[in-house]
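First up is the structure itself, then whatever we jot down about it.
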Amino acid sequence: MTRTRIGNIVFELTEACNQCCRFCYNYWRDGSSPIAAPDPRLVRKTLRKLLSQAAVGTISFSGGEPMLLRNIHDLALSARFKGSHVNVLTNGTLLDGDAIANFLSIGVGAIQIPILSAEASVHEYLTGLPGSWARATDALRQVASVKPDGAYAVLVITAVNAPGVSRTLELIRELGVRRVMVNRFNIGGMGLRHRSELVLDAAMLKQAFAEVEAFATAFPDMRFVSGVCTPLCMLDVNPYPHIQFSWCSTDFSRRPVAVNYKGDVRFCNHSPYVLGNIHERNINDILNDPATLERYSGVPERCSGCTFLSRCNGGCRAASEQVYGSFAEADPILDGGN
Ligand code: SF4
Ligand code: SF4
Ligand code: SF4
58 MTRTRIGNIV FELTEACNQC CRFCYNYWRD GSSPIAAPDP RLVRKTLRKL
108 LSQAAVGTIS FSGGEPMLLR NIHDLALSAR FKGSHVNVLT NGTLLDGDAI
158 ANFLSIGVGA IQIPILSAEA SVHEYLTGLP GSWARATDAL RQVASVKPDG
208 AYAVLVITAV NAPGVSRTLE LIRELGVRRV MVNRFNIGGM GLRHRSELVL
258 DAAMLKQAFA EVEAFATAFP DMRFVSGVCT PLCMLDVNPY PHIQFSWCST
308 DFSRRPVAVN YKGDVRFCNH SPYVLGNIHE RNINDILNDP ATLERYSGVP
358 ERCSGCTFLS RCNGGCRAAS EQVYGSFAEA DPILDGGN
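Taking the working numbering, the leading residue of the sequence shown gets 58, the next gets one more, and so forth.
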């Protein structure tokens, strides 16, 4: 059977996590239902199925917390054998030196760990896990010491930690890290409950990105990317040339597709809507189903006629799905998250 080529997949190994971040976008983490324990056998079966159907350029192991899977190294090795690049998106609290060494020997490309503040109390207020700051910073320092180009700090900017952005970047640099993802709080999951506390208005966003830009200008050996689209009518990105902003696309070849350990396929990791299951249908058929394409073809009413539409695409419309139950609305951050 010919394998479909897919550039990027976020593979969610489990819904479970040892943290309870106030901003967690995982749609299942809204407190409404119990979360299943990790299932290593099912993950292995689903990964095999996925890699039999698709030649995946980069597969990012995510969750929940992927380090809760005791067979995560075997899974990474399987993906590497099939020719995929593998990244690990982890909160870092369960990542020790042995686990890092194993990942490197397998050829894992990047390990991403959130560092939310230079202050433990702020980081742990946001993660809900005492001790998480020391463990996350220690893990990222270790990754940076053995694989500098694969160590990524993820700074999720919320209204809670925005005032300390510059100091947080200093800490990240002190850890030896030179690659930073700077993502604004994106509404969804547990973040729906805490949105009034976390959501940034336009002035706060501009201030936070101005601080990132100033830091990036001062330290040209560092790279900054911002992966969560912010509506261009809310944030003009021109004043921040040292931050590489990426944009969402409804074209599956230009955006990471989410697949979870059960085989459910979704638009992306923020979207709650299941398009199909790879144990029932081939992923190529799921992604190219006319109903799927139709679902993502609409233009939000407020965006029709906007000159930025082809680039901005209405911001993060998976957030719209979580907040309004519809992909046809523009990013809810435009209305303050309401
Ligand atoms: S954001 Fe990540 S670390 Fe935090 S609760 Fe969600 S899955 Fe866990
Ligand atoms: S496309 Fe929509 S969200 Fe984006 S800038 Fe235009 S009006 Fe704003
Ligand atoms: S819908 Fe939102 S989370 Fe999903 S790929 Fe686009 S910007 Fe990213």
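Note that beta-carbon positions come from the ideal geometry of N, C-alpha and C, so glycine has one too.
Which of helix, strand or coil DSSP assigns to Gln169: strand
Inter-residue spacing [alpha-carbon to alpha-carbon] between Ser117 and Val234: 20 Å
Counted within 10 angstroms of its Cβ, other Cβ atoms place Glu254 as buried (16 or more) or exposed: exposed
Gln264 Cβ short of 7 Å to ligand 1 heavy atom set: no
Leu161 to Tyr182 span [Cα, whole Å]: Just so you know, the alpha carbons of Leu161 and Tyr182 end up roughly 31 Å apart.
Three-state class that DSSP yields for Glu69 in the structure shown: strand
Gln264, buried or exposed, once every other Cβ within 10 Å from all chains shown has been counted against 16: exposed
Distance, Cys360 Cα to Asn409 Cα: The question about residue 409 has no answer, for the chain in this structure spans 58 to 395.
Environment of Leu104 [buried if 16+ CB atoms lie within 10 Å]: buried
Cys363: CB within 7 Å of a non-hydrogen atom of ligand 3: no
Residue of Ser135, Gly245, Leu350 minimising C-alpha distance to Asp388: Nearest option by C-alpha distance: Gly245.
For Tyr209, three-class secondary structure by DSSP: In this structure, DSSP gives Tyr209 an extended state, which the three-state scheme calls strand.
Span of the alpha helix (DSSP H) around Ser162: 154 to 163
beta-carbon Ser328 near ligand 3 non-hydrogen atom, thresh 7 Å: For ligand 3, at least one heavy atom lies less than 7 Å from the Cβ of Ser328.
DSSP beta-bridge partners of Asp293: Beta-bridge pairing links Asp293 to no other residue.
Asn341, enclosing beta strand (DSSP E) - first and last residue: No beta strand (DSSP E) holds Asn341; the alpha helix (DSSP H) holding it covers 340 to 344.
Proximity to Ile172 [Cα-Cα], best of Thr147, Tyr297, Gly164, Tyr84: The shortest Cα separation from Ile172 among Thr147, Tyr297, Gly164, Tyr84 belongs to Thr147.
Contact under 8 Å by Cβ, Val213 with Gly207: no
Local Cβ density within 10 Å of Pro123, reported as buried at 16 or more and exposed below that: Residue burial is scored here from C-beta neighbours: Pro123 has at least 16 other C-beta atoms within 10 angstroms and is therefore classed as buried.
Continuous alpha helix (DSSP H) stretch holding Gln76: start and end: Careful: Gln76 lies outside any alpha helix (DSSP H) and carries neither H nor E.
Validate contact between the segment 358 to 376 and the segment 222 to 232 using beta carbons, cut 8 Å, 3 pairs: no
Rounded Cβ spacing between Cys479 and Ala375 (contact assumed at less than 8 Å): The structure shown has nothing for residue 479, since the chain only spans 58 to 395.
Asn243 and His142 closer than 8 Å at C-beta: No Cβ-Cβ contact shorter than 8 Å links Asn243 with His142.
Three CB pairs or more closer than 8 Å across the segment 339 to 355 and the segment 308 to 325: yes
Spatial neighbours of Leu186 in its chain, beta-carbon cut-off 6 Å, leaving aside the 5 residues before and after: Gln76
Leu151 and Thr215 closer than 8 Å at C-beta: No, the pair does not count as a contact, with Cβ atoms beyond the cut-off.
8 Å contact criterion, which Phe281 and Ala273 should meet: CB distance rounded: 5 Å
Arg359 beta carbon near ligand 2 (any heavy atom closer than 7 Å): Yes - ligand 2 has a heavy atom lying nearer than 7 Å to the Cβ of Arg359.
Best match in Met261, Phe68, Thr61, Val217 for proximity to Pro313 [C-alpha to C-alpha]: With respect to the C-alpha of Pro313, the residue from Met261, Phe68, Thr61, Val217 having the closest C-alpha is Phe68.
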